[in-house]
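**Q** Have a look at the structure that comes next, please.
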Amino acid sequence: MGSGFGFTTFDLFDKTMEKEYKRSYTNFFPAATFTYRYKSNSNLRFDYQGYTRQPTLDQLQPLRNNQDFFNQTLGNPDLKQSFTNNINIGQSSYDMLSETQIYQGLSFSTTTNAIIYSSVIDTQTAKTTSKPINTNGNFSGNYYMGYGFKIKKIDLRADFSPSFGFNKSILSINNNMSKAENLNAGFSVYLNKSKQKQYDISLSNQFTYNRNSTTQNTEIKSFNTNTLDLVVGVYFAEKWKLSTDYSLNTRQKTVDFQDNLTSQLWNARLERNFKKDEFTAYIMIRDILNQNIGIQRNVYQNTISQEQNDRLKRYVMVGFTWNFKNGADKAKK
Numbered sequence: 072m073g074s075g076f077g078f079t080t081f082d083l084f085d086k087t088m089e090k091e092y093k094r095s096y097t098n099f100f101p102a103a104t105f106t107y108r109y110k111s112n113s114n115l116r117f118d119y120q121g122y123t124r125q126p127t128l129d130q131l132q133p134l135r136n137n138q139d140f141f142n143q144t145l146g147n148p149d150l151k152q153s154f155t156n157n158i159n160i161g162q163s164s165y166d167m168l169s170e171t172q173i174y175q176g177l178s179f180s181t182t183t184n185a186i187i188y189s190s191v192i193d194t195q196t197a198k199t200t201s202k203p204i205n206t207n208g209n210f211s212g213n214y215y216m217g218y219g220f221k222i223k224k225i226d227l228r229a230d231f232s233p234s235f236g237f238n239k240s241i242l243s244i245n246n247n248m249s250k251a252e253n254l255n256a257g258f259s260v261y262l263n264k265s266k267q268k269q270y271d272i273s274l275s276n277q278f279t280y281n282r283n284s285t286t287q288n289t290e291i292k293s294f295n296t297n298t299l300d301l302v303v304g305v306y307f308a309e310k311w312k313l314s315t316d317y318s319l320n321t322r323q324k325t326v327d328f329q330d331n332l333t334s335q336l337w338n339a340r341l342e343r344n345f346k347k348d349e350f351t352a353y354i355m356i357r358d359i360l361n362q363n364i365g366i367q368r369n370v371y372q373n374t375i376s377q378e379q380n381d382r383l384k385r386y387v388m389v390g391f392t393w394n395f396k397n398g399a400d401k402a403k404k
């Protein structure tokens, strides 16, 4: 355990108003770590980190940035520095005989005097004037877990990973203080069965759920997404490999985005290895179904956004790779 210290001083002079602003900050960075190894390949870890963050020079200057009429920013010379506490607790364990692994983690974060931007929106002109202010009540917490084991009778590896997250942030719109809460949960499954130089098969599914609400209105924005992936590779004639992968992505429609978007991506590849896997020649077909699209959906505080873009769709590529590592290993022998 220990800490670091730092000092920051701002000396601002407003030539227009002939006024001087002096600000001094003492930065504090406490930290502590505790690790307990309760048995072989098993441990429990605790980490704490704290840090201060002073306002930036632009945030302190009491000047209005009006380069964009519809989005103007005003500085605040009365800002205080913020202080954040981060706590992380983690546990992991692995049994070599049964090939069983379990890990989990819990984290918390709180910020005192967090700096946010208070927005005043003019409904007549659509102009938004933002000003940085200090707030309290911001909090986030996350939990994740992983459990993996091997079913030896059928030589199958299975992994399960649930996760949970919660975030609360303070908002200020038109001089009204409110809060936004975001809840996200997920569960993923991964199955794998392989045999060196014979076959490699994996199946995975990842489900996520998002729920966002604010005290400004009663509308709750929620949606879920799901991604299913299948990868199959088969070796034959010693040096040949035929592989294919398929991905199915589904996204639930929302009040803002009414389309229940579903996309599929299917690829295939045929390759041949030379000189003990040092060289590989291949031919690949990308996006066989010609459905490749890019979609990114984000939820932040009281807003939800979705970005959709076109991507390179179906094509065929012939390639050649050289694995330098394999060549270097043979040279050593």
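Each position in the sequence shown, counted from 1, maps to that position plus 71 in this note's numbering. Just so you know, even glycine gets a beta-carbon here, dropped at the ideal spot from N, CA and C.
Whole-angstrom Cβ separation of Thr-199 and Asn-142, contact assumed at under 8 Å?
**A** By one-based count along the sequence shown, residue 199 stands at place 128. By one-based count along the sequence shown, residue 142 stands at place 71. Indeed, because the Cβ distance is near 5 Å, the residues count as touching under 8 Å.
**Q** Determine the extent of the beta strand (DSSP E) in which Gln-130 is found, giving its start and end residues.
**A** The residue labelled residue 130 in the question sits at position 59 within the sequence shown. Unbroken run through Gln-130 is the alpha helix (DSSP H), 128-131; no beta strand (DSSP E).
**Q** What residue ranges within the region 174-203 form continuous beta strand (DSSP E) runs of no fewer than 3 residues, ordered along the chain?
**A** Counting whole runs of 3 or more residues, the region 174-203 contains the beta strand (DSSP E) stretches 185-192.
**Q** Taking contact to mean 3 or more Cβ pairs, one atom from each stretch, closer than 8 Å, check whether the region 170-183 and the region 208-220 are in contact.
**A** Taking 8 Å as the limit for Cβ pairs, the verdict is that the region 208-220 does touch the region 170-183.
**Q** My output table needs one value for Phe-395: the three-state DSSP class, helix, strand or coil.
**A** Residue numbering aside, residue 395 sits at position 324 when the sequence shown is read from its first letter. Three-state result, Phe-395: helix.
**Q** On the premise that Leu-254 lies in contact with Phe-237, defined as a C-beta separation below 8 Å, what is that separation, rounded to the nearest angstrom?
**A** In the sequence shown, the residue the question calls residue 237 occupies position 166. In the sequence shown, the residue the question calls residue 254 occupies position 183. Contact flag correct, Cβ pair sits at about 6 Å.
**Q** To the nearest angstrom, how far is it from the Cα of Arg-340 to the Cα of Asn-114?
**A** For the purposes of this step, residue 340 is identified with residue 269 of the sequence shown, where counting begins at 1. For the purposes of this step, residue 114 is identified with residue 43 of the sequence shown, where counting begins at 1. Distance between the alpha carbons of Arg-340 and Asn-114 is about 42 Å.
**Q** So who's on the other strand from Gln-120, going by DSSP bridges?
**A** On the sequence shown, position 49 is the one that residue 120 refers to. Its beta-bridge partners are Ala-102, Asn-157.
**Q** Are the region 184-197 and the region 214-228 touching, with three or more C-beta to C-beta distances below 8 Å?
**A** Touching, no.
**Q** Which residue from Thr-171, Phe-307, Asn-297 puts its Cα closest to that of Tyr-218?
**A** Within the sequence shown, the letter at position 147 stands for residue 218. Of the listed residues, the one whose Cα sits closest to Tyr-218 is Thr-171.
**Q** For Arg-108, count neighbouring C-beta atoms within 10 Å of its own C-beta (all shown protein chains included) and say buried if the count is 16 or more, exposed if not.
**A** For the purposes of this step, residue 108 is taken as residue 37 along the sequence shown, with counting starting at 1. Exposed: under 16 other Cβ atoms inside 10 Å.
**Q** Which same chain residues end up closer than 6 Å to Tyr-386 when comparing Cβ atoms and leaving out the 5 residues on each side of it in sequence?
**A** Taking the sequence shown and counting its residues from 1, the one referred to as residue 386 is at position 315. Once the five neighbours on either side are set aside, the close Cβ partners of Tyr-386 are Arg-357.
**Q** In the DSSP assignment, find the unbroken beta strand (DSSP E) run with Ser-211 in it and report its ends.
**A** Start at 1 with the first residue of the sequence shown, and residue 211 comes out as number 140. 209-222 is the extent of the beta strand (DSSP E) around Ser-211.
**Q** Roughly how many whole angstroms lie between the Cα atoms of Asn-147 and Pro-203?
**A** By one-based count along the sequence shown, residue 147 stands at place 76. By one-based count along the sequence shown, residue 203 stands at place 132. Approximately 6 Å, taken between the alpha carbons.
**Q** Rounded to a whole number of angstroms, what is the C-alpha to C-alpha distance between Lys-151 and Arg-94?
**A** Counting from 1 along the sequence shown, the entry for residue 151 is found at position 80. Counting from 1 along the sequence shown, the entry for residue 94 is found at position 23. Each residue's alpha carbon lies about 10 Å from the other.
**Q** Rounded to whole angstroms, what is the Cα-Cα separation between Lys-250 and Phe-154?
**A** Sequence index remark: in the sequence shown, residue 250 carries index 179 (1-based). Sequence index remark: in the sequence shown, residue 154 carries index 83 (1-based). If you take the alpha carbons of Lys-250 and Phe-154, they lie about 19 Å apart.
**Q** In the DSSP assignment, find the unbroken beta strand (DSSP E) run with Pro-233 in it and report its ends.
**A** As a position in the sequence shown, residue 233 is number 162, starting the count at 1. Its beta strand (DSSP E) spans residues 227-244.
**Q** Note the first and the last residue of the continuous beta strand (DSSP E) segment covering Gly-75.
**A** Position 4 of the sequence shown, counted from the first residue, corresponds to residue 75. 73-85 is the extent of the beta strand (DSSP E) around Gly-75.
**Q** Drop a sphere of 10 angstroms on the beta-carbon of Asn-363, count the other beta-carbons inside from all chains shown, and report buried for 16 or more, exposed for fewer.
**A** Translated into the one-based positions of the sequence shown, residue 363 becomes position 292. With 16 or more Cβ atoms within 10 Å of its Cβ, Asn-363 is classed as buried.
**Q** Taking the CB atoms as reference points, tell me whether Gly-304 and Asp-348 lie closer together than 7 Å.
**A** Taking the sequence shown and counting its residues from 1, one reaches residue 304 at position 233. Taking the sequence shown and counting its residues from 1, one reaches residue 348 at position 277. In this structure, Asp-348 does not lie closer than 7 Å to Gly-304 by Cβ.
**Q** Nearest to Asp-316 by CA position, among Thr-333, Gln-125, Thr-79, Ser-275, is which residue?
**A** Position 245 of the sequence shown, counted from the start, is the residue given in the question as residue 316. Taking only the C-alpha atoms, the option nearest Asp-316 is Ser-275.
**Q** For Ser-240, is the classification buried or exposed, using 16 other Cβ atoms within 10 angstroms of its Cβ as the cut-off for buried?
**A** Numbered from its first residue, the sequence shown carries residue 240 at position 169. Result: buried.
**Q** With distances taken Cα to Cα, identify the nearest neighbour of Thr-325 among Asn-136, Ser-293, Leu-301, Asp-381.
**A** Here residue 325 corresponds to residue number 254 of the sequence shown, with the count starting at 1. The shortest Cα separation from Thr-325 among Asn-136, Ser-293, Leu-301, Asp-381 belongs to Ser-293.
**Q** Could you check if Arg-135 is buried or exposed, using at least 16 other CB atoms within 10 Å of its CB as the buried criterion?
**A** Your numbering for residue 135 matches position 64 in the sequence shown. Looking at its Cβ environment, which holds fewer than 16 other Cβ atoms inside 10 Å, Arg-135 is exposed.
**Q** Work out the CA separation of Asp-139 and Phe-81 for me, nearest whole Å.
**A** The residue given as residue 81 occupies position 10 in the sequence shown. The residue given as residue 139 occupies position 68 in the sequence shown. Using only the alpha carbons, I get a separation of about 27 Å.
**Q** For the putative contact between Ser-284 and Glu-252, defined by C-beta atoms under 8 Å, what is the C-beta separation to the nearest angstrom?
**A** For the purposes of this step, residue 284 is taken as residue 213 along the sequence shown, with counting starting at 1. For the purposes of this step, residue 252 is taken as residue 181 along the sequence shown, with counting starting at 1. Contact holds; Cβ gap of about 5 Å.
**Q** By how many angstroms is the C-alpha of Arg-368 removed from the C-alpha of Thr-104?
**A** Within the sequence shown, the letter at position 33 stands for residue 104. Within the sequence shown, the letter at position 297 stands for residue 368. Cα to Cα, the separation comes out at about 36 Å.
**Q** Among the candidates Asn-245, Asn-205, Gln-323, Asp-149, whose CA atom is the shortest distance from the CA of Arg-282?
**A** Residue numbering aside, residue 282 sits at position 211 when the sequence shown is read from its first letter. Comparing Cα positions, the closest option is Gln-323.
**Q** What would DSSP say about Phe-328, mapped onto helix, strand or coil?
**A** Locating residue 328 in the sequence shown gives position 257, where the first residue counts as 1. Of the three classes helix, strand and coil, the one that applies to Phe-328 here is coil, per DSSP.
**Q** How is the beta strand (DSSP E) around Thr-298 delimited, first residue to last?
**A** Indexing the sequence shown from 1 puts residue 298 at position 227. Segment 292-307, the beta strand (DSSP E) holding Thr-298.
**Q** Please return the same chain residues whose Cβ sits closer than 8 Å to the Cβ of Asp-330, not counting the five positions on each side in sequence.
**A** Within the sequence shown, residue 330 is the residue found at index 259, counting from 1. Cβ within range, chain order: Lys-324.
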